[in-house]
Amino acid sequence: MKIAVDDLSGPEIARFLDEHVQQMRSLTPLESKHALDLDGLRKPGITFWSVLDDGSLVGCGAIKRLDAGHAELKSMRARPTRQRSGIASRLLEHIVSEAQRMGFTRLSLETGDSLTAYSNHLARELSDMP
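In my numbering, the protein residues as written are 28 to 157.
Spelled out as structure tokens, the structure:
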């Protein structure tokens with residue numbers, strides 16, 4: 028499995044993110060939808076990673092810079108057929124490590140239902156941040 032920064036220029040990631048946004052819109056009230064679309068993820072201050080397994084896109088995630096020491100976790104998704112296979116955990120560990128390397132001392136998590144599953148893991152990871 029490979030986790031790499033993605034410039035969001037490929038058609039596969041565009042389709043993957045469109046599925047993500049559509050799913051979030053179907054599951055959450057519009058006022059609670061926090062998922063960014065492709066244009067939103069291309070804005071300055073956002074770092075986006077794709078997860079590839081044997082060349083196939085299986086997950087993604089991003090952080091959005093809020094200020095010099097604070098970032099927010101965005102757009103975590105594992106391909107539905109690959110959920111519960113450790114992709115999200117590995118990606119979250121990678122993002123937390125990269126956030127630390129980038130100098131962030133605080134990493135926030137939106138509390139929408141779609142991300143609640145990551146909160147315990149994120150809390151453990153953040154407790155190790157300096």
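Backbone N, C-alpha and C define an ideal beta-carbon position, used for all residues, glycine too. None of these values were measured; they are calculated from a predicted model.
query                                                                                                          : result
Assigned secondary structure, residue 55 (DSSP; H/G/I helix, E/B strand, else coil)                            : coil
Unbroken alpha helix (DSSP H) run spanning residue 64, endpoints                                               : Neither: residue 64 is in no alpha helix (DSSP H) and is coded neither H nor E.
Through-space distance from residue 81 to residue 144, alpha-carbon basis                                      : In this prediction, residue 144 scores a pLDDT of 43, lower than 50, which makes its location untrustworthy; the coordinate-derived value is nonetheless stated afterwards. C-alpha separation (whole angstroms): 26 angstroms.
Buried versus exposed call for residue 141 [16 or more other C-beta atoms within 10 Å across all chains shown] : Model confidence at residue 141 stands at a pLDDT of 39, short of 50, so the residue's coordinates are unreliable and nothing is read from them.
For residue 140, three-class secondary structure by DSSP                                                       : Model confidence at residue 140 stands at a pLDDT of 42, short of 50, so the residue's coordinates are unreliable; what they give is reported in the following sentence. The answer is helix: DSSP assigns residue 140 an H, G or I state.
Host alpha helix (DSSP H) of residue 118 (start-end)                                                           : 114–128
Residue from 32, 103, 76 and 113 with nearest C-alpha to residue 135                                           : 103
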